[in-house]
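Residue numbering for the sequence shown is 9 to 243, as defined by this note's numbering. Just so it is clear, CB atoms sit at the ideal spot from N, CA and C, and this is done for glycine as well. No experiment lies behind these values; they were computed from the predicted model shown. Remarks on the structure that follows.
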Amino acid sequence: MQIPVRGLGSEVNNPSVSDLAAWAKTRAGIGGDVTTFYLMKTIEVQKSIDLPAAGGWYYRKRMVEGIIPDAPIEDILDDIRAVSSFVRNCWWSLPSACSADEDEVMAFRQLLRTMRDEGVYGHVILSDTEPTAIERELITGRRVFWYLTEPTEKSLEKILEIQRDIAVPPGMLPILDDLMGSYTVRKVIVMNPDEKDLRRAMDLVDTDNLMTGGFAPAGDGSYWEDLVSGSFILR
């Protein structure tokens, strides 16, 4: 039985001058910069997975520029057009605002809304800590998925207060099992699992609500293909 795979973002390496120059030739008359390069290179290799996601931590600079009051966001709109030329209705992965300032979080929420208006299906919000109270209040909804890169029991509880789908590493499945007595969980996304991990997750949810999750490391060109081929449970 094949388990569907969801992308939650990608890491990147600095490109060589020759690679960037070769790519730039393909963008003649279109434009783009190194961030566009990262977006295209990381989305192109996700063609084999069920739910790809453009972006990752590297999108922070573009995001920060986009939430400055009255700042032009043409670069972000160009990014969306570039990715949309390859895959439609794509999810987008970007760091959280990581702020307790309401104005800043409101500006972040407006950026997400604008991106969705321009064709982004939804957002994976990356955070290595639990979101602030104002983020939990304002950055939520069916097209927002919080992904904690370093989850703890406490931070998982905070996320389960606002969303019913959750991504966890295999080692956190027993903790998630305990939390499911207090929180409603619909879909479990197990990060980089083997078959044993997927079978363990089947004790928590039925297979229709089980997924494999991935966050591609830099420089591993076969990561997504390997993840798909390993996302399988023998009957």
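Judged by DSSP secondary structure, R14 falls within the beta strand (DSSP E) whose first and last residues are 13-18. Residues V20, Y46 of the same chain have their beta carbon placed closer than 6 Å to that of Y66, with the five preceding and five following residues left out of the count.
Our two residues, S92 and V132, have alpha carbons roughly 17 Å apart in a direct line. Counted as a single uninterrupted DSSP element, the beta strand (DSSP E) harbouring G221 occupies residues 218-224. Distance from the CA atom of A90 to the CA atom of A141, rounded to whole angstroms, is 34 Å. Taking 8 Å as the upper bound for CB-CB distance, V53 and G229 are in contact here, some 6 Å apart. Residue range 130-135 is occupied by the beta strand (DSSP E) that includes G130.
8 Å or more divides the Cβ of V236 from the Cβ of I75.
Take the alpha-carbon of Q118 and the one of D136: they are about 22 Å apart. As computed with DSSP, Q54 is found in no beta bridge at all.
Taking 8 Å as the cut-off, the beta carbon of A105 is found closer than this to the beta carbon of E143. P77 has no beta-bridge partner at all, per DSSP. DSSP lists no beta-bridge partner residue for Y67. Assignment of Q171 by DSSP, reduced to helix, strand and coil, places it in the coil class. Nearest to F116 by C-alpha distance, out of D86, Y129, E126, E73, is E73. In terms of CA proximity to E169, Y191 leads the group Y191, D185, P60, D83. A distance below 8 Å separates the beta carbons of V198 and L206.
G64 and W100 have their C-alpha atoms spaced approximately 8 Å apart. Ranking I147, D214, G179 by CA distance to the CA of D109 puts I147 first. Taking the CA atoms as reference points, D111 sits about 15 Å from R121. D214 sits exposed, since fewer than 16 C-beta atoms from the chains shown fall within 10 Å of its C-beta.
G238 places its beta carbon less than 8 Å from that of D202.
Per DSSP, the unbroken beta strand (DSSP E) holding P103 starts and ends at 99-103. In this structure, the alpha-carbon of L102 lies about 7 Å from that of M71.
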